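Protein chains: 2
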Amino acid sequence: MGIATDMEVRARDDHHASLRLWLRLLSCTTRIEDTVRQRLRETFGITLPRFDLMAQLEREPQGLSMGELSRRMMVTGGNVTTIVDQLENEQLVQRQTQAGDRRSFTVSLTPAGRKAFSAMAREHEEWVVDMLSSLSERQQEQLYKLLGNLKRGLHQPSNQETP
Amino acid sequence: MGIATDMEVRARDDHHASLRLWLRLLSCTTRIEDTVRQRLRETFGITLPRFDLMAQLEREPQGLSMGELSRRMMVTGGNVTTIVDQLENEQLVQRQTQAGDRRSFTVSLTPAGRKAFSAMAREHEEWVVDMLSSLSERQQEQLYKLLGNLKRGLHQPSNQETP
DNA sequence: TATTGTTATACTCTATAACTATA
DNA sequence: TATAGTTATAGAGTATAACAATA
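Chains A and B, in that order, are what the protein sequence lines are. Residues 577 to 739 (the working numbering) are what the first sequence spells out, left to right. Residues 577 to 739 (the working numbering) are what the second sequence spells out, left to right.
The following block contains the structure:
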């Protein structure tokens, strides 16, 4: 499984502060992500991509097309087909044909899927709350804001060919 | 390639603030990591695990055993064997037999490996500096400190069975 | 027996590309 | 022709387990 390399160990004194920051960011995230992944598997026998797909559907009770799922998950279509096939086998999601365009389906959670997802989401949230609990509410807010700035900065690839 | 799902879209109003923070953390990290991975491949034809292994060796000029590499990279031994095999084929690292214990080797960078790594590391650092450049120096410091707190908190699994 | 490392194998996640059926 | 989705395949990246050589 691997519970996260401590990549931060790579940082050396002569490295730029930004690099140290990045390695620390990577190290924290990987550690949390690996824990979540492992617990989702152990507790619910589900993988992160499948959990994510169900989360997408939970937000859209009216359902989503395969293409829209593919776009939202930033994953190519073939992969969505595979995940939906699995979840459909377990009767957690359903494909419904669309009137109007017979090439396309609407995928949505089944009642069983909604129920299963909500149990998983509850646990998942507890894990995350617990793992972040070493930061005060105020610190979490600060972190949230800083990451917001970072994220906005990443939006434009920031390849400003220095003129 | 995939340049990072925007997982943050999963966050909903009724979700705990910690969950939103986690999704944002994941989203930022994934986006940077995917970019780095892609550029390492395009620019140097190298994967992240191979880059990481070379980084480990660069920090230890006297070399490391396979087992120690496996521990530091938090990856099982078979995988280290594969990576070292590849890098040895390209003459970037070398295995040297140890006097004293003939089961074990010392792996270290060759001069060519040192040279190649230092060129890659320089570029890599530039990419990172650029991607983080939307944050001021002061903001980066703040972020670094907050993540330090978080990381310390993660060290003990924080499974404090609430009494 | 225990340890170091290798080999063989499998599974998850992702991508690309050829294909089918509609439109 | 173009689009929605599927199938087939490949390649990272990881794990486990059986194995060989040495301690």
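Ideal Cβ placement from N, Cα and C applies to all residues, glycine included. Bear in mind that the values here come from a model prediction, so they are computed numbers and not experimental data.
Rounded to the nearest angstrom, what separates A/Ser-712 and A/His-700 at their Cα positions? 20 Å
Counting only runs that start and end within the segment 628–656 of chain B, where is the alpha helix (DSSP H) found for 4 or more residues in a row? 642–649
Contact criterion: CB-CB distance below 8 Å. Does B/Glu-737 meet it with respect to chain A? The pLDDT assigned to B/Glu-737 is 29, lower than 50, so where the model puts this residue is not dependable; a value taken from the coordinates is nonetheless given after this. Chain A, which has no Cβ nearer than 8 Å to the Cβ of B/Glu-737, makes this no.
Reference B/Leu-723, options A/Gly-621, A/Arg-728, A/Ser-710, A/Leu-730, closest by Cα: A/Ser-710
Check: A/Thr-658 C-beta below 7 Å from any heavy atom of the ligand NAD: Summarising the ligand content, the structure contains no ligands, and the ligand NAD is consequently not present.
Any beta carbon of chain B sitting closer than 8 Å to that of A/Lys-691? no
For the alpha helix (DSSP H) that contains A/Arg-714, what are its first and last residues? 713–731
Counting only C-beta atoms, is B/Leu-668 closer than 8 Å to chain A at any point? no
Mind pulling the chain A residues with CB within less than 7 Å of B/Ser-603? Lys-727
Residues in the same chain with beta-carbon distance under 7 Å from A/Ser-646, minus the five sequence neighbours each way, listed in chain order, please. Thr-652, Gly-653, Val-656
With a 10 Å radius around its C-beta and 16 neighbouring C-beta atoms as the bar for buried, classify B/Arg-524 as buried or exposed. With chain B running from 577 to 739 in the structure shown, residue 524 of chain B is simply not present.
Taking C-beta pairs closer than 7 Å, name the residues in chain B that A/Ser-594 reaches, listed in chain order. Val-704, Val-705, Leu-708, Gln-716
DSSP bridge partner residues for B/Val-683 (one or two, in chain order): B/Leu-640, B/Arg-671
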